[in-house]
Amino acid sequence: MIQTFSKINRVSGTLTLPGDKSIAHRALLISSLADGKSVISNLPNSDDLNSTIKCLESLGIKVEKKSDAAFVYGKGFKGYYPPNKSLNAGNSGTTARLLAGILSAQNFESIIEGDKSLSSRPMKRIIEPLMLMGCNIKGENDEKLPLQIYPVEKISAIKYNLPVPSAQIKSSILLAGLHSEDESSVIEVKQSRNHTENLLGLKVVNDDDKIISTVSKKNYPVPNEYFIPGDISTAMFFVVLALLTQNSELNIKNISLNPTRTIALNLLMKMGGNIEVDLKGESNNEPYGDLIVKSSKLSNVKIDTESIPLIIDEIPILSVAGIFSEGFFEIKSASELRVKESDRIKSLATNFSIIGLDVEEFSDGFRISGGIKYSGKPFQSFGDHRVAMTFAILSLLLEKGGKVDGFESVRISNPDFITQVASISN
Ligand code: S3P
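In the working numbering, the protein residues as written are 1060 to 1485.
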């Protein structure tokens, strides 16, 4: 579907966004492990979250949805029912990789499959550490989906140095590690998002530039109440829109302010963005609060390699901020962009070229320079929700507007994008 956008002059008012995707997946999975009823509020109604819910239902977990809340009736330690069909993670890497960690520690067989994009993404990164824990898990075609998971009676603890800074790998190991009496540790040199550690209340030690997270059966979850703060990665699209339109002031309510997720926000402030952060509270060790964003003049800054894993989801929208800022926008050391929902380096380069910008592609990044020339051709989503929203925002900023082909992929994380834009434009 091709969606057309006209230029927006200013945005104002208040925006409340659906709950954070990463925290919501974990709240559902952790609730399903606990023995009894957990309550989750502000759960997003997106395709990715629905993939997790459907997988859990196939494992015998009842999930009752009431508007934006869910009641999850967990079945306790090794209490899942063996599924009678393959589990479909859809487009969701978090569902596939985190669930694989849990299922690898069970005493029944299961299969995890996914859509075309997910089936092309690397799974060796979780298969290797899980096999070291004594799990029996196999991928297909160069260790990709479908994953075939075989029963094991017992798993062993490991100490694992994360070779790629990835919260999905870390969480897969930690969730498997909940099923062993002995302590497993995951060691990171570059930090990745820490929601699994927060929601399970794990011990995390910062030692000599290393971050060590430890888990064992002692951390096995009990029923709980979860409030999912608004998704900061979704909020970033609107932050950039408010910064780059004239006379704008936007208040975005109850957004996740987890310090492993606010790095892109900090970067925009460093670029000159007028953004106020009002910390409101904390729920399940996850801080949240409001953002007040005002129109600003931005300049590009050098983006250091340390921050790349923590801004990986925001690089597409940051690059839009970059093209309207003084200087040029450059990303390096971000080869992980190639294995996201689409090859995001290629997706961004292709789309920026459509409006005449010069994009130099590197194996691990890209650099954008030059000026905008209209071609009238639509941007492409490449079936990637963040690419669709990035070029929708860019279209809203362009003098002549723009079109996004394959816009429907926003359903994956934020089906209400159009309504949200309409509610703040005037
Ligand atoms: C996620 C972690 C990140 C991120 C993804 C969600 C998570 O992936 O890109 O959108 O919920 O753990 P990696 O950990 O593989 O970098």
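Backbone N, C-alpha and C define an ideal beta-carbon position, used for all residues, glycine too.
How would you label D1266, buried or exposed, when you count the other beta carbons within 10 angstroms and need 16 or more for buried?
exposed
Taking Cβ positions only, does I1186 come closer than 8 angstroms to chain D?
The chain labelled as chain D is not found in the depicted structure, where only one protein chain is given.
If we ignore side chains and look at the alpha-carbon of each, how far apart do I1270 and I1370 end up?
18 angstroms
R1470: CB within 7 angstroms of a non-hydrogen atom of ligand 1:
no
Would you mind working out which of M1448, F1136, S1100 sits nearest A1294, comparing C-alpha positions?
M1448
heavy atom of ligand 1 below 7 angstroms from Q1227 C-beta
yes
Applying the 10 Å Cβ sphere with the 16-neighbour rule, what's the burial state of T1063?
exposed
Please find out if some non-hydrogen atom of ligand 1 comes closer than 7 angstroms to the beta-carbon of G1332.
no
D1094, DSSP secondary structure in three states
Note: D1094 maps to strand in three-state DSSP.
In the DSSP output, what is S1315 paired with across the bridge?
Y1347
Assign E1199 to one of three DSSP states: helix, strand, or coil.
strand
Report back the beta-carbon spacing between G1160 and A1086 to the nearest angstrom; my notes put them in contact at under 8 angstroms.
G1160 to A1086, Cβ: 16 angstroms. No contact.
Same chain, Cβ closer than 6 angstroms to R1156, five either side skipped, listed in chain order:
I1185, Q1227, S1231
With respect to 7 angstroms, is the separation between the Cβ of G1152 and the closest non-hydrogen atom of ligand 1 below this value?
yes
What's the gap between the Cα of N1565 and the Cα of K1405?
The displayed coordinates of the chain run from 1060 to 1485. Any statement about residue 1565 would go beyond what the structure contains.
Any heavy atom of ligand 2 inside 7 angstroms of the beta-carbon of D1372?
Because ligand 2 does not appear in the structure shown, any question about it cannot be addressed here, the ligands present being ligand 1.
How about L1302 and A1380: do their beta carbons lie closer than 8 angstroms?
Cβ distance < 8 angstroms, so L1302 and A1380 count as in contact.
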